[in-house]
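A short write-up of the structure that comes next.
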Amino acid sequence: MYHFLTELNMRVLVVEDEESIATAIERGLIKQGYAVDVARDGAEALDKATVNNYDVICLDLNLPRIDGLEVCRRLREDRFGGGIIMLTARSSIKERIEGLDYGADDYLVKPFAFSELAARIRAIARRDGGLREPVINTRGLELDPNTNRAKRDGKDIHLTPKEFALVYYLARNEGRAVPQEELLEHIWDEHANPFTQTVKVHMNNLRRKLNEGFEEQLIETIRGKGYVL
Ligand code: CA
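The opening position of the sequence shown corresponds to residue 405 in our numbering, with each subsequent residue numbered one higher.
Here is the structure:
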């Protein structure tokens, strides 16, 4: 019963270029009640992870365009907070170690039984269930950092992980003007170029989504000081 409850609302991305394996995993996971997307190469995986919020990514390492290790590294660099399970060949011990160093949580050696993959996903779901950050409720906004889901006055607002991280950070610092540099430091990584328009662009998108259809504008810009919720 517990398993059934944890699997509700879980969204999984399967990254696998071998059609038959991808389809088998996809079908199996759908049967277990997960929402499942499939990416056929590393670039598609990164695109999908930017747009959607996944709880777990099952990541084949040997992939076209961008290999799995690099995908793993970039996901963590981009603060992907869900679980990553690598799917590896038997011979690739070095890759497995590298993957774990890059922030993968677990691995499975091919060929594996589907039931084992399902068990690893459940283990990650339980683990993440134990490390929950607080849900924030303020000014009609409900922000759940465990699912990256945002609502305003009960209406779902679909945010990218970055947009969610921005509004969550502002909500944790409600009433204080947060400088752009502080947002860069906390939400991007040390490689982000402070001279780019990154924060502004994401902030504009975030505002548009949050304020659409509402009279009260939620995020203010205070010239020279930063952004305040
Ligand atoms: Ca492959």
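Every residue gets a Cβ at the ideal spot worked out from N, C-alpha and C, and that includes glycine.
On a predicted model such as this, the values are computed, not experimentally measured, just so you know.
Checking the DSSP bridge columns, you'll see residue 512 partnered with 491. Relative to the Cα of residue 616, the nearest Cα in the group 464, 562, 439 belongs to 562. DSSP, reduced to helix, strand and coil, places residue 539 outside both helices and strands of the structure shown, so it counts as coil.
Nearest C-alpha to residue 512 among 443, 500, 631: 500. For residue 499, there is no enclosing beta strand (DSSP E); the enclosing alpha helix (DSSP H) has its first and last residue at 497-505.
Taking C-beta atoms as the reference points, residue 420 and residue 473 fail to come closer than 9 Å. Of the heavy atoms belonging to ligand 1, at least one sits nearer than 8 Å to the Cβ of residue 464.
Spatial neighbours of residue 478 in its own chain (CB-CB distance under 7 Å, excluding positions within 5 residues in sequence) are listed in chain order as 450. Around the beta carbon of residue 568, 16 or more other beta carbons sit within 10 angstroms, so the residue counts as buried. Here residue 559 is bridged, per DSSP, to 556. In the assembly as shown, residue 565 is a buried residue. Its beta-carbon has 16 or more other beta-carbons within 10 Å. The C-alpha of residue 588 lies about 24 Å from the C-alpha of residue 505. Less than 9 Å separates the beta-carbon of residue 460 from that of residue 525. Look at residue 473: its beta carbon is at least 8 Å from all of the heavy atoms in ligand 1. Taking C-beta atoms as the reference points, residue 578 and residue 633 count as a pair closer than 9 Å.
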